[in-house]
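Accompanying notes for the structure given below.
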Amino acid sequence: MKPWSFDRSLQSGLLMLGLVLTIPANVSAGDGTLKFKILFSQGSIGELYSRRYLSEVCRHIKRTCEFVVVPGKRAVVMMQAGQLDGEIGRLDKFVQLTGSSAYVKASPSYIDRRLLIATRQDNPAAINTLDDLARRPIVIGYLRGYAYFQSVAERYSRAPSFAVNTIDQCFAMLKIRRVDACIYDDLELTDASYLLLQAGELRSTHSLEKTYANLYLQDKSRALLPAVEKAMDELRKSGFEKELQGKIFSNHRIQ
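Residue numbers (this note's numbering): 557 to 811.
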């Protein structure tokens with residue numbers, strides 16, 4: 557597998573957190589700026605993809621959009637209070653759990669998320685499935701957030717676990733043996749964490765579960781739904797979506 561490399565012109569966009577997206581001069585913005593929260597860790601390929609994807613959706617609907625940098629829990633409060641216009645990267649199961657009418661889903665889902673387990677190569681215990689986690693007295697690391705809480709705390713509550721903020725942190729703990737396994741999804745990989753997997757000291761399972769990330773509008777912005785879904789459809793049909801995935805993910809998503 558060839559070394560992973562971000563498109564540097566795209567990667568530079570990650571330094572623009574919280575700044576308004578640039579809209580071409582010949583595109584007139586609608587009424588007001590739309591504020592969105594990205595539900596992927598800063599610096600991850602999921603964030604990079606979501607940022608570029610939503611940028612193009614905003615261009616198609618001729619609106620100015622900005623990304624709001626707040627914790628995920630705070631974003632939920634802001635969505636329910638109408639202080640955000642939407643979120644990108646949120647899971648259906650979480651929205652169903654909240655029972656909130658604030659979330660209006662743009663269909664279909666814009667990207668899939670693949671759940672995996674990373675362990676050390678020298679770990680004698682074969683950990684290839686989620687059930688293996690429950691059968692062995694191992695310490696688990698997982699990302700903070702509903703998707704990982706559901707995978708670890710709800711399903712394997714008897715296993716010790718650490719909640720971490722980033723995959724990089726979990727892999728670092730794995731290397732020094734503070735945890736025996738990391739549960740993660742491949743869209744949370746960063747440049748550093750992917751290189752750790754490629755170095756040979758750690759190994760990862762194949763995809764264990766697949767979930768789908770969605771673009772949600774806040775109920776106050778419901779009127780934009782037809783335009784947003786039309787833009788998403790045009791991005792698929794034009795080949796933009798496939799081209800962007802190839803450019804950002806290359807062949808480095810875990811199958």
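Ideal placement from N, C-alpha and C gives every residue a C-beta, glycine not left out.
Rounded to the nearest whole angstrom, the CA to CA distance from K803 to L604 is 11 angstroms.
Given a length threshold of 4 residues, each whole run of the alpha helix (DSSP H) inside the region 751-794 is given here in chain order: 781-794. Collapsing the DSSP output to three states places G638 in coil.
In this structure, DSSP gives A631 a helical state, which the three-state scheme calls helix.
A buried status is given to I644, since no fewer than 16 other beta-carbon atoms sit within 10 Å of its beta-carbon. Here the region 652-666 does not lie against the region 748-757, with fewer than 3 beta-carbon pairs under 8 angstroms apart.
Annotated as proximal: V708 and I696, with beta-carbon spacing under 8 angstroms.
Straight across, the Cα-Cα distance linking T620 with D641 is about 12 angstroms.
DSSP places I739 inside the beta strand (DSSP E), whose first and last residues are 737-741. No Cβ-Cβ contact shorter than 8 angstroms links Q636 with A662.
Annotated three-state conformation of A681 is coil, per DSSP. DSSP places G802 in the uninterrupted alpha helix (DSSP H) bounded by 796-805. CA-to-CA, the gap between V625 and K593 works out to about 7 angstroms. Annotated as proximal: E744 and L699, with beta-carbon spacing under 8 angstroms. At least 8 angstroms separates the beta-carbon of E757 from that of R691. A residue is called buried when at least 16 other Cβ atoms come within 10 angstroms of its Cβ; S794 does not meet this threshold and is exposed.
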